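Trainee:
Residue numbers (our numbering): 3 to 165.
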């Protein structure tokens, strides 16, 4: 409960979900052996750009005093793609030429760019068909028409970049 309270306090006044600390309870177990009782929680945290994994773990240790914390997986800081690059301009132009309306979306899910973007240090972006608000839900779907158009957009962008 104190972890949730700390996250709520951290998020106070932060409107955009991309900039918030998002917690999710993944599992909960309890056990006892006649002498001791224990509870085990597995939580996931989607960190905002201004909260590094190291700082998150520091706060977590302070919040959950007396608890054992066992990080799992590979903690990555949030990554934000640069908007003003030749790659982005080429994709925007290709979307417009296919009679689409480009827009920028701050995705809150993890993605390969969180891993490779900071390492590769080259222009990156995420583009594709479908409604990104439905990603990783039971309602996620794409139409074949959108899929075909996205292939054409990417082809046009690559043509523009390679001239």
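Positions of the beta carbon are idealized from the N, C-alpha and C atoms, including for glycine.
Here the structure is a predicted model, which means the values were calculated and not measured.
Determine the burial state of residue 50: buried for a count of at least 16 other Cβ atoms within 10 Å of its Cβ, exposed for fewer.
Mentor: Residue 50 comes out buried.
Trainee: Out of curiosity, what's the CA-to-CA distance linking residue 81 and residue 122?
Mentor: Their backbone Cα atoms lie some 12 Å apart in a straight line.
Trainee: Jot down the residue ranges of each uninterrupted beta strand (DSSP E) in the stretch 87-161, minimum 3 residues, whole runs only, in chain order.
Mentor: For the stretch 87-161, not a single whole beta strand (DSSP E) run of length 3 or above is found.
Trainee: Assign residue 32 to one of three DSSP states: helix, strand, or coil.
Mentor: Three-state DSSP puts residue 32 in a strand.
Trainee: Thinking C-beta only, is residue 65 closer than 8 Å to residue 152?
Mentor: No; because the gap between Cβ atoms is not below 8 Å, this pair is not in contact.
Trainee: Suppose you measure from the CA of residue 141 to the CA of residue 135; what does that come to, to the nearest Å?
Mentor: Near 10 Å, if we compare the C-alpha coordinates of residue 135 and residue 141.
Trainee: Since residue 89 contacts residue 117 with CB under 8 Å, what's their CB separation in whole angstroms?
Mentor: No, residue 89 and residue 117 are not in contact; Cβ-Cβ is about 18 Å, not under 8 Å.
Trainee: Count the other C-beta atoms from every protein chain shown that fall within 10 angstroms of the C-beta of residue 63, then say buried if there are 16 or more, exposed otherwise.
Mentor: So residue 63 counts as exposed.
Trainee: Quick one: Cα of residue 73 to Cα of residue 120, how far?
Mentor: Computed Cα separation, rounded: 22 Å.
Trainee: Among 16, 78 and 39, which residue has its Cα nearest to the Cα of residue 58?
Mentor: Measuring from the Cα of residue 58, the nearest candidate turns out to be 78.
Trainee: Determine, using beta-carbon pairs with one atom in the stretch 32-45 and one in the stretch 12-21, whether at least three such pairs fall under 8 Å.
Mentor: Counting Cβ pairs under 8 Å, fewer than three are found: no touch.
Trainee: Identify which residue in 71, 157 and 98 has its Cα closest to the Cα of residue 45.
Mentor: When each option's Cα is compared against that of residue 45, the closest is 71.
Trainee: Please report the residue range of the alpha helix (DSSP H) in which residue 65 lies.
Mentor: It spans 55-65 - the alpha helix (DSSP H) in which residue 65 sits, taken as one unbroken run.
Trainee: Output needed for residue 23: all residues of its chain with C-beta closer than 7 Å, excluding positions within five of it in sequence on either side, in chain order.
Mentor: So the list reads 9, 12, 13, 47, 49, 50 and 53, once near-sequence residues are dropped.
Trainee: On a Cα-Cα basis, can you pick out the residue from 76, 42, 40 and 68 that is closest to residue 56?
Mentor: The candidate whose alpha carbon is nearest that of residue 56 is 76.
Trainee: Taking the C-alpha atoms as reference points, what is the distance between residue 26 and residue 115?
Mentor: Their backbone Cα atoms lie some 22 Å apart in a straight line.
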